[in-house]
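**Student:** Sharing a structure below in C-alpha cells format, with a few things to ask.
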Amino acid sequence: MSSFALFAASRAPLISMGRLDVLIIVIYFVVVLGIGFYLKKYVSTGDDFFMAGRKMTAWIAGLSFISANLSSLETMGWSAMAYQYGMLGAHAYWSGAIPAILFLAIVMMPFYYICRTHSVPGYLKLRYGTSTSSLAGISFAMLTILVSGASMFAMAKILHLLLGWNMNVSIWVASLTVALYVSLGGLVSAVFNEVLQYFLIWFGSLLIPILGLIDAGGWSGMVEKIQRNVPVIHPTVAAANFTSLWRNLGSFEANPMGIDWFGIIFGLGLAVGFGYWCTDFLQVQRVIVAKDLRSAQNGTIIGAVLKMLVPIIVTLPGLLGLAVLVHSDGSPMVLVSEADPRANITHHTYNDVLPLLMGKYLGPGLLGLGVTAMIAGFMSGMAGNASAFATVWTYDVYRTLIRRNASDEHYLWMGRWCSLVGILMSVGTAYALFYFSNILEFLLVLIFFFIVPLFGVVILGMLWKRATPTGAFVGFLTAIIVSMSMWFFVHTFPEGHRPHPSVSLDSGAVARVEKTGEGDAEVIQRLIVESGTVRTVNVPVEAGGVSRTSGETTLAETLALPSSVIENGRSAEVRLLAPDVVLADTNQPDKFGLEGVPVTLAPGVRLVASDVVQKFNPAEFNTAHTKYIARSEKAKPVAVNLYSAAWTLLICVTVIVGVSLFTEPKPESELHNLVIGLTPIPDAGPCPWYKDPRLWATLVLIALVALNWIFW
Amino acid sequence: MPDEEQIPIWFFIGGILVVYGVLILGWGIYELISPPPPEARVALYELRADIWWGAVMIAFGSFYCLRFRPGRGSAASASSSESTGAAQP
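Sequence lines, in order, name chains A and B.
Those letters in the first sequence? Residues 1 to 712, by my numbering.
Those letters in the second sequence? Residues 1001 to 1089, by my numbering.
Structure below.
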C-alpha cells in the first residue's frame, strides 16, 4: 500500500507582489492606452486600420510576426512542456517553426505580397473563388473569437491562481483596454503593442534562465541535477534523456513525449508547423503589410531568428525547473499535470514552473516586470485576434457576402465596431469557459485541425495551376471532417471506458487524518470522514452485507472504502479528492489530493456511489484506436494529435489533386500573380548582398542544423 | 494620415524601459542601504540582480530614446527607417 507525501499547500497566491510591482503594471496599462489614443489620428482609411497603411519595415514586421505568437500561454505552456518532456519541447521551435517560417519567407511570401491580398481568405478568394474563401473566412472569424476568449479566460485564471486577483476584474480590465486601443488604432496599435510586448517579455523573462543557470552550477550542473531528479519527478520515464533533441526518438516508449522521429518530422514539422506559420492569418497578416516584398521576406526571416532564440526563455526555464525547484530538505519538488488528483490541491502543476521560478529569483520590481510581461503577452494575443477578426469579418465576410460596394469610410467604421464587438464576444466566450473549462483543450485541437487543411489548400493553389476551385473546396471540407472524425475515433470506447476509481469529499465535510512524519516528509496513512457527503466513482462499496458500486445512502455503521480496486485484471489505486474539508482535530479548513489511502466513513456520513461507463471521453485516448492513427499503442496524446495532423494534410492534398483532375480549372488569365510560373517577381531595385533574403534564409538554416547537432 | 511625423515605436519602447529601469535600479539601491530580513530575500539575493538588470534596462532604453527621439529630423528618420525599420509601422 502506498500513499503520497502531503506537501504543505498554502491557500495564499503563488506570488506575492508589493507596491512597486503594482506600479509597474499600472504604468504598462497607461502606456498602451496612451499609444492607442496617440495612434488614432494616424488611422483615417481602411488600409490604415486593417493593413497598418502597408508601411511596416522589416524589423517591425519580424518582431510583430513573432510577438503575435509569443503569448503568455506560449511561454508558460512550453515551459511546462519542457518540464514534462525535457528538451523535446524545443522541437516546437526548431522543428515545428523555423523550416516553415523560412518556407513562408522564400516560397510563399511573393504570392501573398504580389497579389496585394489583405488576408489568407482574401488570397483564396482570388485563387479559387468565393466558396472556399467564405468557408475559410467564417471559420477563421469564429476561431479568432474563441481563441481570444480562451486567452482571456486563461489570463484571468492564471492571475487568480498566481496573484489572487478577482477573475471578473482581470477579464474586464484587460478586455476593455484591448478593445479601446485596437478600435482606436487598428492593426497599427496592435502591432505597436506586440513589439512593446516582445521587449517586455525578454526583459521580464531573461533573468530567470541567467540566475537559474548560475544557481544550478552552469549547463553541466543543470544536466547533472536533472539526471538526479528525474527518477523522482518522472518515475515512468526515469531512464529517458531529458536534455537531448533526437536521441530518444527511435521508439515511442523511449521518450517522455511518447512519440517517434516520424511524428516529429511529418506531424509537427510539416503538417502543423507549415499549417500554422504559413497559413494562420493572424501570423501572416503581420508580414504581408510590410512596405515592400523584400521587407516582407526579410521581416519573416528576422522572425525566424527571433523564434530560434525563444527556447532560451521558454525551454531552458522548464529544464531548470527539473534541476533547481527543490524543497527545504533538498528533495525535488514534484509538479503534476492538471489531470492529476493532487493538482492545485497539494501539488503545483506543470504550468506553474515559470511562476515558481519567478517567485524564487525575482525580487520587488523585477517580479512586477515579469508579471507585466505575462499580462502584456495575454493582451497582445487578444489584440492580435481582435484585429484579425475585424479584418477577416469586414473584408472576407461582410464585404464579400453582405455589402459589396460600400465606401472606405463605411468599412473603416465597420472595422472599429468589429474590434469592439469581437472583444465583447470574446468576453462571452471567456465566461462560457467558466462553466465548460475543458472546452479549452478541445478547442485548441480543433484549431490545430482547421489550420492544417488550410495549408494544403493554399500551397496547392500556389504551386499547381491545375488545382480547381471545386477540388479546393471539396478537399478543404473533407480534410476538416476527416480530422474531426479522427479526433472522435481516438476518444471513442465501443467497449466502454471506466473512469479511474475515485472518492471525493464535498465541501464542508469533516475529516480526521492519521499521518506520520512532519513537514515535507509528512505522509497520510488513513483518512476518517466524520460527517458530510462522500461521492465515489467506480469504487465497490460493502454496505449492509451487499457489495455494490452505485446508490445513495446515509451510513448506519462504519464503512471502510478500499484503497485500490481491480480494473481489467490490474490494480488501480483509488484517488481521494478533498479540495475543501474541515479537520476535526483543529477545526481548520484543509485540502488533500491523494492516491491509495484507506478511507473510513463514520456512521451518519452520506454516501453517493456511482458506477460510470463511458462510450466517449474527450480527455481519454483509446489505445486500441490510436494505434491505427499513430502506428503504436504506446503513442501518447501529443503523438496522436501530430500523426492526425499529418494524415489530415495527406488526405487534403490527395482529395484536392483527385477532384481537380476531373473538374474544370480556372483559365490561366485569371491566375496571374497567384500561381508559380504565372507570377513574375517584380524588380525591387538594386539589392546589396547583405539584404538578400536567400542569403539570410541559408544562414538561418545553417544555424538551425548546428543547434540540432549540438543538442542531438 | 496627417502629415505630422509619427513618433517611432522604438522611442516608446526606450521610454518605458528607462522608466522601469529607474524604478528597479532605485529599489535595488534602496535595498542595498536598507536590506530586507533574510526570510524575505529571494534566491541569489547577494547577486543584486535588480541593480545590474535595472542599469542594463536604463542603458538599453536610453539608447533607443536618444536614437529615435521625436523631432530628430525627417532626413535622419528616413535614413534610420531604411536601416533599422524604425520610422513607423
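All C-beta atoms in this analysis are idealised placements derived from N, C-alpha and C, irrespective of residue type, glycine included.
With 16 as the cutoff for other CB atoms within 10 Å, does residue 687 of chain A come out buried or exposed?
**Tutor:** With fewer than 16 Cβ atoms within 10 Å of its Cβ, residue 687 of chain A is classed as exposed.
**Student:** Within 10 angstroms of the Cβ of residue 647 of chain A, are there 16 or more other Cβ atoms? Answer buried if so, exposed if not.
**Tutor:** buried
**Student:** Going by DSSP, what residues sit across from residue 533 of chain A in a beta bridge?
**Tutor:** A:606
**Student:** Could you tell me if residue 588 of chain A is buried or exposed, where buried requires 16 or more neighbouring beta carbons within 10 angstroms of its beta carbon?
**Tutor:** exposed
**Student:** Hey, would you say residue 463 of chain A sits closer than 7 Å to residue 681 of chain A, going by beta carbons?
**Tutor:** no
**Student:** Assuming residue 713 of chain A is part of the beta strand (DSSP E), what are its boundary residues?
**Tutor:** Limits of chain A in this structure are 1 at one end and 712 at the other, which puts residue 713 of chain A out of reach.
**Student:** Decide if residue 1066 of chain B is buried, meaning its Cβ has at least 16 other Cβ atoms within 10 Å, or exposed.
**Tutor:** The residue in question, residue 1066 of chain B, is exposed, as its Cβ has fewer than 16 Cβ neighbours within 10 Å.
**Student:** When the Cα atoms are used, what is the spatial distance from residue 554 of chain A to residue 535 of chain A?
**Tutor:** 12 Å
**Student:** Excluding the 5 residues flanking residue 643 of chain A on each side, which residues of the same chain have their C-beta closer than 6 Å to its C-beta?
**Tutor:** 263, 267, 629 and 630
**Student:** Would you mind reading off the limits of the beta strand (DSSP E) that contains residue 572 of chain A?
**Tutor:** 570-573
**Student:** What residues are listed by DSSP as bridge partners for residue 480 of chain A?
**Tutor:** In DSSP, residue 480 of chain A forms no bridge with anything.
**Student:** So, for residue 664 of chain A: in the same chain, excluding its five sequence neighbours on each side, which residues have a beta-carbon less than 7 Å away from its beta-carbon?
**Tutor:** 468
**Student:** Counting only Cβ pairs nearer than 7 Å, list the residues of chain A close to residue 1018 of chain B.
**Tutor:** Chain order gives no chain A residues near residue 1018 of chain B, where near means a beta carbon separation below 7 Å; the closest approach is about 11 Å.
**Student:** Using CA atoms only, rank isn't needed, just tell me which of A:585, A:615, A:485 and A:395 is closest to residue 499 of chain A.
**Tutor:** A:615
**Student:** Between which two residues does the alpha helix (DSSP H) containing residue 1042 of chain B stretch?
**Tutor:** Residue 1042 of chain B -> no alpha helix (DSSP H), and no H or E assigned at all.
**Student:** Express the C-alpha separation of residue 423 of chain A and residue 149 of chain A in angstroms, rounding to a whole number.
**Tutor:** 8 Å
**Student:** Taking only beta-carbon positions, decide if residue 364 of chain A is within less than 7 Å of chain B.
**Tutor:** yes
**Student:** According to the Cβ coordinates, are residue 597 of chain A and residue 527 of chain A closer than 7 Å?
**Tutor:** Yes, the Cβ-Cβ distance between residue 597 of chain A and residue 527 of chain A is below 7 Å.
**Student:** Using 8 Å as the cut-off, can you tell me whether the stretch 93-111 of chain A makes contact with the stretch 348-361 of chain A, which would need three or more C-beta pairs spanning the two stretches below that distance?
**Tutor:** no
**Student:** Which whole runs of the alpha helix (DSSP H) in the stretch 164-248 of chain A are 4 residues long or more, in chain order?
**Tutor:** 167-205, 207-216 and 218-233
**Student:** Tell whether a beta-carbon distance below 7 Å holds between residue 719 of chain A and residue 539 of chain A.
**Tutor:** With chain A covering only 1 through 712, there is no way to say anything about residue 719 of chain A.
**Student:** Suppose you measure from the CA of residue 305 of chain A to the CA of residue 87 of chain A; what does that come to, to the nearest Å?
**Tutor:** 19 Å
**Student:** Just the C-alpha distance for residue 621 of chain A and residue 488 of chain A, rounded to the nearest angstrom, thanks.
**Tutor:** C-alpha of residue 621 of chain A to C-alpha of residue 488 of chain A: approximately 10 Å in a straight line.
**Student:** Taking buried to mean at least 16 other C-beta atoms within 10 Å of its own C-beta, is residue 166 of chain A buried or exposed?
**Tutor:** Exposed: under 16 other Cβ atoms inside 10 Å.
**Student:** Buried or exposed: which applies to residue 417 of chain A, given that a residue is buried once 16 or more other Cβ atoms fall within 10 Å of its Cβ?
**Tutor:** Residue 417 of chain A is exposed by the Cβ-count criterion.
**Student:** Using the Cβ count rule (16 or more neighbours within 10 Å means buried), how would you classify residue 239 of chain A?
**Tutor:** So residue 239 of chain A counts as exposed.
**Student:** Quick check on residue 259 of chain A: does DSSP put it in helix, strand or coil?
**Tutor:** coil
**Student:** Which one of A:484, A:426, A:66 and A:568 has the shortest CA to CA distance from residue 175 of chain A?
**Tutor:** A:426
**Student:** Assign residue 619 of chain A to buried or exposed, taking buried as 16 or more other Cβ atoms, counted over all protein chains shown, within 10 Å of its Cβ.
**Tutor:** exposed
**Student:** Output yes if chain A places a C-beta closer than 7 Å to the C-beta of residue 1006 of chain B; else output no.
**Tutor:** yes
**Student:** Look at the alpha carbon of residue 458 of chain A and the alpha carbon of residue 223 of chain A, and state the distance between them as a whole number of angstroms.
**Tutor:** 43 Å
**Student:** Which residue comes first and which comes last in the beta strand (DSSP E) that contains residue 686 of chain A?
**Tutor:** Looking at the DSSP string, residue 686 of chain A is not in any beta strand (DSSP E), and its letter there is neither H nor E.
**Student:** Can you check which of these residues, A:120, A:145, A:232 and A:307, is closest to residue 325 of chain A by C-alpha distance?
**Tutor:** Checked all of A:120, A:145, A:232 and A:307; the closest Cα to residue 325 of chain A is A:232.
**Student:** Spatial neighbours of residue 585 of chain A within its chain, please: C-beta separation below 7 Å, excluding the five flanking residues on both sides.
**Tutor:** Taken in chain order, the residues that qualify are 512.
**Student:** Residues of chain A with a CB under 9 Å from the CB of residue 1066 of chain B: which are they?
**Tutor:** Here the premise fails: no neighbours, minimum Cβ distance about 16 Å.
**Student:** So that I know if they touch, is there some Cβ in chain A lying closer than 7 Å to that of residue 1024 of chain B?
**Tutor:** yes
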